[in-house]
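**Q** Residue numbers (our numbering), protein chains in the order written: chain A, 98 to 425; chain B, 98 to 425.
Where a beta carbon is used, it is the ideal one built from N, C-alpha and C, also for glycine.
Note that this is a predicted model, so its numbers are computed, not measured.
Here it is: the structure, laid out below.
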DNA sequence: CTGAAAGCGCTTACAG
DNA sequence: CTGAAAGCGCTTACAG
């Protein structure tokens with residue numbers, strides 16, 4: 098890596114002059130400017146961050162870990178974080194875990210190398226996360242329940258959301274309700290929603306079915322439901338998120354089943370496309386963008402004002418679309 | 098901001114000891130470790146990046162600007178960039194322009210404050226972009242055609258894609274084809290695709306219609322098409338992207354029109370949901386993820402090997418779905 | 001307009 | 001185990 102000293106040598110001047118030219122400060126002859134710029138370019142100079150007098154340290158960044166930016170849910174949160182952090186003059190650094198706990202730990206290490214002011218993390222599983230316990234900067238969990246190591250969190254009540262949407266489906270007259278889910282190991286949200294489903298089934302005196310876990314492979318395009326459908330003959334399916342619900346609907350159609358004529362489908366998240374499509378998707382809408390904003394605000398508050406860590410829970414809301422049919 | 102010196106004072110030891118404790122290097126008594134950690138926590142210490150001996154400078158980052166992370170197209174590119182850059186040991190810093198040229202300039206400035214090794218930019222308009230011309234690090238345009246200031250670019254041939262999908266719709270027997278678009282000012286992709294539409298119409302001896310520009314306001318959920326439909330009575334609509342196409346389909350249904358029974362619809366991008374929905378969306382599929390990977394690889398090549406800037410054009414592909422009806 | 005030099009916050013041999 | 005001191009790459013008064 099080239100240093101100011103080397104450029105100075107190449108340009109035949111002093112280190113101080115190089116510094117001034119490159120920062121566009123202080124006076125410099127046109128001739129000098131040309132020679133210095135040229136030498137810097139030739140040597141491929143990239144400045145190292147200086148700690149010298151007066152220099153305000155390079156502006157602060159926060160690190161954000163999400164499972165996948167291509168999931169609209171996390172994209173929406175990310176947009177919220179971005180928005181709030183920019184307003185506060187912070188940059189936003191992102192990393193993805195791809196729903197893989199070991200990638201997750203690596204991604205956080207990479208984030209840490211940038212010495213962020215703080216972190217906002219959506220972990221596969223906050224309890225068991227391998228994210229190294231060494232000195233972490235202030236951290237807020239997003240979408241994970243708080244744990245002793247990470248006491249600050251912004252969440253929704255996924256258990257209750259699961260209970261409520263199951264109740265909605267039950268009240269529409271369904272009884273054979275199947276829960277189709279992403280892998281629990283990589284999403285405690287999916288697991289909590291499933292627990293909510295179980296609770297609602299039990300309180301109605303019905304035996305909850307085992308969940309069908311679907312591996313996320315680059316999307317849910319070729320989801321296979323034949324076995325599960327033949328075995329359980331569900332009249333309704335609750336998917337652990339909207340993207341998966343779309344995959345389920347598509348798979349049902351490939352089986353020759355209509356939605357909601359033959360099978361009803363409901364999801365979670367409230368992605369925009371669910372409302373645009375026809376029939377529109379019944380879902381539990383989550384305030385993804387607001388959660389991002391809230392997590393960012395909380396992180397700033399903790400980092401700048403040394404506030405206490407706390408757990409903020411935002412509200413969800415049922416969106417009644419057209420994919421759940423009223424039976425009887 | 099607390100310094101090592103201040104912590105040393107508070108902990109009653111030397112600066113050297115504090116450094117060793119905080120970095121977990123060298124020996125230190127348990128007692129010392131406790132006192133130093135405590136002092137560091139109390140003062141809210143955050144390390145400044147050091148340039149001292151041996152210390153490798155904090156690992157490199159690149160800056161990425163996209164119009165919006167919530168658009169699946171850019172999310173896919175971003176995932177590709179992320180993937181490639183992580184493999185190269187680079188962090189990825191993101192910013193959004195929200196399709197606003199003046200926000201764009203600010204977002205790039207913010208990115209620059211982090212002293213990135215390079216930039217990958219998707220600009221509203223590369224020709225007129227207000228991104229300050231001051232010393233930029235190596236830069237690759239993504240989705241914008243190269244211009245003198247930015248000679249490196251990864252694109253698809255949007256003009257040709259526009260021509261080809263229009264030809265496809267024409268060959269299905271349509272003649273009154275309307276082009277519905279996002280704002281041209283914020284997307285030269287939309288404009289180029291429209292030019293392609295015009296070319297295809299003209300080569301068939303038809304008069305192209307004026308495009309209907311739709312403002313992007315937090316999604317395309319309440320898109321208004323009544324006037325345009327009454328005026329032009331199109332049998333087919335080409336939307337400048339898939340997200341917009343979904344909005345168009347939804348708007349047509351609100352008008353009581355069926356797709357593709359009454360009006361055919363086609364889009365651009367090939368988002369996953371287009372293939373999941375029913376009827377599935379006819380579209381020009383763009384290699385968004387690959388474009389991100391390619392842009393990242395090109396940037397690394399330019400930054401590390403001082404390679405020449407160049408223009409890489411990846412291929413698109415027609416996806417024949419069910420939203421374009423064969424007439425006659 | 002230019003350079004010698006002090007100083008920034010940090011790390012790390014080298015003594016003790 | 002701990003500290004005094006040299007040095008990292010950089011910036012910026014201060015002289016000339």
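So, do the region 347-362 of chain A and the region 384-391 of chain B have three or more beta carbon pairs nearer to each other than 8 Å?
**A** Contact fails: fewer than three Cβ-Cβ distances are below 8 Å.
**Q** Check the Cβ-Cβ distances between residue 265(A) and every residue of chain B, and say whether any is below 8 Å.
**A** No, no contact with chain B.
**Q** Using a C-beta to C-beta distance shorter than 9 Å, which residues of chain A count as neighbours of residue 319(B)?
**A** Here the premise fails: no neighbours, minimum Cβ distance about 10 Å.
**Q** When you compare each of 240(B), 211(B), 207(B), 242(B) to residue 228(B) by their alpha carbons, which one comes out closest?
**A** Among 240(B), 211(B), 207(B), 242(B), the Cα nearest to that of residue 228(B) is on 207(B).
**Q** Should residue 423(B) go down as buried or exposed, given a rule of 16 or more other Cβ atoms within 10 Å for buried?
**A** Result: exposed.
**Q** How far does the alpha helix (DSSP H) with residue 291(A) in it reach, from first residue to last?
**A** From DSSP, the alpha helix (DSSP H) with residue 291(A) extends over 285-300.
**Q** Excluding five sequence neighbours on each side, which residues of the same chain lie with their C-beta closer than 6 Å to the C-beta of residue 298(B)?
**A** Contacts found: 305.
**Q** Between the region 175-201 of chain B and chain A, which residues of the former have CB atoms less than 7 Å from a CB of the latter, in chain order?
**A** For the region 175-201 of chain B, which is checked against every Cβ of chain A, the residues closer than 7 Å are 175, 176, 179, 183, 188, 189, 190, 191, 193.
**Q** Less than 8 Å between the beta carbons of residue 343(A) and residue 373(B), yes or no?
**A** Contact flag set, yes.
**Q** Beta-carbon of residue 237(A) versus every beta-carbon of chain B: anything under 8 Å?
**A** By this cut-off, residue 237(A) is not an interface position.
**Q** Among 254(B), 301(B), 259(B), which one has its Cα closest to the Cα of residue 270(B)?
**A** Comparing Cα-Cα distances from residue 270(B) to each of 254(B), 301(B), 259(B), the minimum goes to 301(B).
**Q** With burial defined as no fewer than 16 other Cβ atoms inside 10 Å of the residue's Cβ, what is the status of residue 237(A): buried or exposed?
**A** Label assigned to residue 237(A): buried.
**Q** Give the residues from the region 348-382 of chain B that approach chain A closer than 8 Å (Cβ to any Cβ), ordered along the chain.
**A** Taking 8 Å as the Cβ-Cβ cut-off against chain A, the residues of the region 348-382 of chain B that qualify are 350, 369, 370, 372, 373, 374, 375.
**Q** Locate the beta strand (DSSP E) running through residue 310(B), then write down its first and last residues.
**A** Unbroken beta strand (DSSP E) run through residue 310(B): 309-311.
**Q** Quick check on the burial criterion: 16 or more other C-beta atoms within 10 angstroms. Buried or exposed for residue 148(A)?
**A** The residue in question, residue 148(A), is exposed, as its Cβ has fewer than 16 Cβ neighbours within 10 Å.
**Q** Short check: CB of residue 252(A) to CB of residue 164(A), under 8 Å?
**A** Contact flag unset, no.
**Q** What residues in the region 132-153 of chain A have a beta carbon less than 8 Å from any beta carbon of chain B?
**A** Per Cβ criterion, the list reads 141, 143, 144, 145, 146, 147, 148.
**Q** Would residue 324(B) be called buried (16 or more neighbouring beta carbons within 10 Å of its own) or exposed?
**A** Exposed, by the Cβ-count rule.
**Q** Could you check which residue in 168(B), 223(B), 259(B), 234(B) has the C-alpha nearest to that of residue 439(B)?
**A** In the structure displayed, chain B extends from 98 to 425; residue 439(B) sits before or after that span and is not available.
**Q** What does residue 343(B) touch in chain A if you count any residue whose Cβ is under 9 Å from its own?
**A** The answer, in chain order, is 369, 370, 373, 374.
**Q** Name the residue from 115(B), 146(B), 185(B), 138(B) whose alpha carbon lies nearest to the alpha carbon of residue 403(A).
**A** Per the Cα distances, 138(B).
**Q** Report the CB separation of residue 368(B) from residue 235(B) in whole angstroms; it is logged as a contact under 8 Å.
**A** Wrong, their Cβ atoms sit about 30 Å apart, outside the cutoff.
**Q** Distance, Cα to Cα, residue 114(A) vs residue 100(B)?
**A** Roughly 29 Å between the two C-alpha positions.
**Q** Quick test of the definition: if touching needs 3 or more C-beta pairs under 8 Å, does the region 280-295 of chain A touch the region 255-269 of chain A?
**A** Touching, yes, given that three or more Cβ pairs across the two stretches are closer than 8 Å.
**Q** Hey, would you say residue 277(B) sits closer than 8 Å to residue 345(B), going by beta carbons?
**A** In this structure, residue 345(B) lies closer than 8 Å to residue 277(B) by Cβ.
**Q** Please go through the region 317-374 of chain B and give each complete beta strand (DSSP E) segment of 3 or more residues, from N-terminal end onward.
**A** Complete beta strand (DSSP E) runs here, min 3: 333-336, 361-366.
**Q** Just the chain B side, please: which residues come within less than 7 Å of residue 419(A) by C-beta, in chain order?
**A** None at all; the shortest Cβ gap to chain B is about 11 Å.
**Q** Find the residues of chain A that neighbour residue 207(B), judging by a C-beta separation of less than 7 Å, and give them in chain order.
**A** Those within 7 Å of residue 207(B) in chain A are 183, 188.
**Q** Applying a beta-carbon distance threshold of less than 9 Å, which residues of chain A neighbour residue 214(B)?
**A** Under the 9 Å cutoff, chain A gives 143.
**Q** To test your reading of the DSSP string, which unbroken beta strand (DSSP E) runs of 3 or more residues are found completely within the region 162-196 of chain B?
**A** The qualifying runs are 188-193.
**Q** Let me check understanding here. Comparing Cα to Cα, which of 110(B), 111(B), 130(B), 239(B) lies closest to residue 119(B)?
**A** Comparing Cα-Cα distances from residue 119(B) to each of 110(B), 111(B), 130(B), 239(B), the minimum goes to 130(B).
**Q** Specify the secondary structure class of residue 410(B) as computed by DSSP and reduced to three states.
**A** Of the three classes helix, strand and coil, the one that applies to residue 410(B) here is strand, per DSSP.
**Q** Is the separation between the beta-carbon of residue 279(B) and that of residue 241(B) shorter than 8 Å?
**A** Not a contact, by the Cβ cut-off of 8 Å.
**Q** Please state the DSSP three-state secondary structure of residue 202(B).
**A** Of the three classes helix, strand and coil, the one that applies to residue 202(B) here is helix, per DSSP.
**Q** Would you please verify whether the beta carbon of residue 167(A) is less than 8 Å from any beta carbon of chain B?
**A** So, interface residue.
**Q** In chain B, which residues lie less than 8 Å from residue 158(A) when you measure between Cβ atoms?
**A** Those are 190, 211, listed as they occur along chain B.
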